[in-house]
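Quick note, the working numbering runs 5 ahead of the 1-based positions in the sequence shown.
Cβ coordinates follow ideal geometry from the N, Cα and C atoms, glycine included.
Structure first, commentary second.
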Amino acid sequence: MNALAEREPSTQPARPLRLAVLASGTGSNLGAILDACRSGHIRAQVLLVISDRPGAPALGRAQAHGIPALELPPLPGESRTSHGERLLAALAPFDIELVVLAGYMRILSAEFVQTLAGRLINIHPSLLPRHKGLHTHRRVLEAGELEHGCTVHYVTAELDGGPPVLQSRIAVLAGDDETRLAARVLEHEHVIFPRVIGWIADGRLTCDDGIPRFDGHALAAPLQATPR
Numbered sequence: 006m007n008a009l010a011e012r013e014p015s016t017q018p019a020r021p022l023r024l025a026v027l028a029s030g031t032g033s034n035l036g037a038i039l040d041a042c043r044s045g046h047i048r049a050q051v052l053l054v055i056s057d058r059p060g061a062p063a064l065g066r067a068q069a070h071g072i073p074a075l076e077l078p079p080l081p082g083e084s085r086t087s088h089g090e091r092l093l094a095a096l097a098p099f100d101i102e103l104v105v106l107a108g109y110m111r112i113l114s115a116e117f118v119q120t121l122a123g124r125l126i127n128i129h130p131s132l133l134p135r136h137k138g139l140h141t142h143r144r145v146l147e148a149g150e151l152e153h154g155c156t157v158h159y160v161t162a163e164l165d166g167g168p169p170v171l172q173s174r175i176a177v178l179a180g181d182d183e184t185r186l187a188a189r190v191l192e193h194e195h196v197i198f199p200r201v202i203g204w205i206a207d208g209r210l211t212c213d214d215g216i217p218r219f220d221g222h223a224l225a226a227p228l229q230a231t232p233r
């Protein structure tokens, strides 16, 4: 199944990059993406929001913007492969060009990821490859680290292991706890996630054969965000 459309040739009139967003929680990153789209800051449009959690606030956020919102919880005993096939079937009618994982808490099947190779991105609340997986803020504090942050990366079958393209760093402050640290990292997520989507929409960032390229140059290491 070809769930996603290929990007238009550069000779065609530009149209907004067609996005689907997968989210499991409040949808704060979805909100940042919607704001960037609607303000014209990025040339993109969210056409579909899917959540694996019925009633997730992200779905209500989508509906408030007039965007189709789909609950797609796992079925009892359902395999990752089967769930991935249902996700692809849901995406197919929308001519989606980029799938964005914005706090989507399910591990995706290798088949799903391979189908969308180079057209599937995620944001992770750590400076990858450090602290893959869950509870990143707690682990940073327990390790006594002085620096933390977030990373946007292309998704591969390896959990949080796809090539990173942009990071934003913050200092760990005296007196930080998980809640305060998470809140400050989240502010940076809201900046760099739309920025990467904008680069993809403008053709500046691509990923072919697992190699991300920015302005035509292969990225040997993730770019580092600077404040605007």
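For the alpha helix (DSSP H) containing GLY89, list its first residue and its last residue. Judged by DSSP secondary structure, GLY89 falls within the alpha helix (DSSP H) whose first and last residues are 85-96.
Whether LEU35 touches ALA63 by CB criterion (8 Å): yes
Are the C-beta of HIS158 and some C-beta of chain B separated by less than 8 Å? Among the protein chains of the structure shown there is no chain B, as only one such chain exists.
The alpha helix (DSSP H) spanning ILE202 covers which residue range? 183-206
Where ILE38 sits in the DSSP three-state scheme: helix
Use the C-beta contact count for ASP213: other C-beta atoms within 10 angstroms, 16 or more gives buried, fewer gives exposed. exposed
Quick check for students: name the residue ranges of the alpha helix (DSSP H) that lie wholly in the stretch 54-83, counting only runs of 4 or more. 62-69
Is the separation between the beta-carbon of PRO227 and that of THR161 shorter than 8 Å? Taking 8 Å as the Cβ cut-off, PRO227 and THR161 do not qualify as a contacting pair.
Would SER173 and VAL196 qualify as a contact pair, given that the criterion is a beta-carbon distance under 8 Å? yes
Rounded to whole angstroms, what is the Cα-Cα separation between TYR109 and GLY166? TYR109 and GLY166: Cα-Cα distance of roughly 16 Å.
How far does the beta strand (DSSP E) with ARG23 in it reach, from first residue to last? 22-27
If we ignore side chains and look at the alpha-carbon of each, how far apart do ASP181 and SER33 end up? 22 Å
On the three-state DSSP scale, how would you describe VAL242? Here the chain comprises residues numbered 6 to 233, so residue 242 is not present and cannot be evaluated.
Cβ contact check for the stretch 83-93 and the stretch 110-117: 3 or more pairs under 8 Å: In short, these stretches touch, since the Cβ pair count reaches three.
Kindly provide the ranges of any beta strand (DSSP E) runs that are 3 or more residues long and lie completely inside the stretch 118-166, ordered along the chain. 125-129 and 152-159
DSSP three-state call for HIS222: helix, strand or coil? strand
Are there 16 or more other CB atoms within 10 angstroms of the CB of HIS140, so buried, or fewer, so exposed? exposed
Between the Cα of GLY123 and the Cα atoms of GLY30, ALA19 and GLY208, which residue gives the shortest distance? For GLY123, the nearest C-alpha among the options comes from GLY208.
For THR31, list the residues DSSP reports as bridge partners. Answer is none; THR31 lacks a bridge partner.
Sort out for me which residues DSSP pairs PRO227 with in a bridge. DSSP lists no partner for PRO227.
Rounded separation between HIS136 and ARG144 - CA only: 7 Å
Going by CA-CA distance only, name the one from GLY154, GLY89, ALA67 and HIS153 that's closest to LEU77. Out of GLY154, GLY89, ALA67 and HIS153, GLY89 has the C-alpha closest to the C-alpha of LEU77.
Contact check, ILE38 vs ALA107 under 8 Å by CB: the rounded distance? 7 Å
Look up LEU178 in the DSSP assignment and give the residues it is bridged to. Looking at the DSSP assignment, LEU178 forms no beta bridge with any residue, so it has no partner.
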